[in-house]
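Numbering (our numbering), first residue to last: 60 to 349. Just so it is clear, CB atoms sit at the ideal spot from N, CA and C, and this is done for glycine as well. See structure below.
This is the structure we're talking about:
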């Protein structure tokens, strides 16, 4: 059967002639590449995505050996947070990722570090995690399906089936899990991360009490959204936190979803809060709740 692909998607709706060609080299479910995807959406910069095939990583990447890699014109850079700072330098007339105030900037960067060292490793422990419980095997298979449908050239059927085993052998994944509180039961650890996030959100409407999204919001946003959209087992627990769902809706209202964070071929669920009867909670241009 011919495989549907989402190899390269491009934002053409707001393209400005003076803007150099921007290409994001990514995996659909890479938490670090998704951060950069959201930075670009928030800045409303025209860009395209090239979905890397994990079997041809070095061949497909313009620089380095891991995603994300971002090319702007003839320049390339890696490391998601560094790319965010770079985008603010390159495009100062677009929405800024970091506030000008030094104290606020320091606070936002601290929250971004929490995302990097707490939220992302916690998500790796949860999706797909390590070991061979039924949920982890199913999530591993789901990840293999998504990679096949979205990566350049796809991956063989045999590897899709073996993906849970392949994940269990990845040193990167086990290193990330080692950063978590492994002695804490998984469900309790996940609950603690949600509570820590809500503490960073405070009275909002955005992280650090900011009136508009910042680098911290855009770094955290995909780690709640994409496992849910992708149909991963356990991701539905986000619906138990209405404050987080409301925050997700607010952040989304600032993003230009072209190209989408999740290619259509990878989406299994509606956006959190879009289910029938769920209220939409947004903010207007002044940052007030609506």
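For residue 167, the secondary structure class from DSSP, reduced to helix, strand or coil, is helix. In this model, residue 239 and residue 196 are separated by some 20 Å (Cα to Cα).
Taking residue 323 as reference, the option from 290, 199, 305 with the minimal CA-CA separation is 290. Bounds of the alpha helix (DSSP H) holding residue 94 are 90-102.
For the 9 Å CB-CB criterion, residue 281 and residue 96 form a contact. A straight-line Cα-Cα distance of about 43 Å links residue 301 and residue 118. Of the candidates 183, 135, 198, the residue whose Cα lies closest to the Cα of residue 248 is 183. One Cα belongs to residue 251, the other to residue 103, and the distance between them is close to 33 Å.
Excluding residues up to 5 positions away in sequence, 90 lie with their Cβ nearer than 6 Å to the Cβ of residue 179 in the same chain. Across the set 328, 138, 269, the C-alpha of 138 shows the shortest separation from the C-alpha of residue 124. Residue 275 is positioned such that its CB atom lies closer than 9 Å to that of residue 267.
Pairing residue 256 with residue 199, the inter-Cα distance amounts to about 26 Å.
Within its own chain, the residues whose Cβ lies closer than 7 Å to the Cβ of residue 171, once the five positions on either side in sequence are excluded, are 140, 274, 275, 278, listed in chain order. Leaving aside the five residues that flank residue 149 on each side, the residues in its chain whose CB is nearer than 8 Å to its CB run, in chain order, 131. In the displayed model, residue 323 falls within a helix according to three-state DSSP. Apart from the 5 residues on each side of it in sequence, residue 145 sits with its Cβ closer than 7 Å to the Cβ of 136 in its chain, given in chain order.
Here DSSP, grouped into helix, strand and coil, assigns residue 236 to helix.
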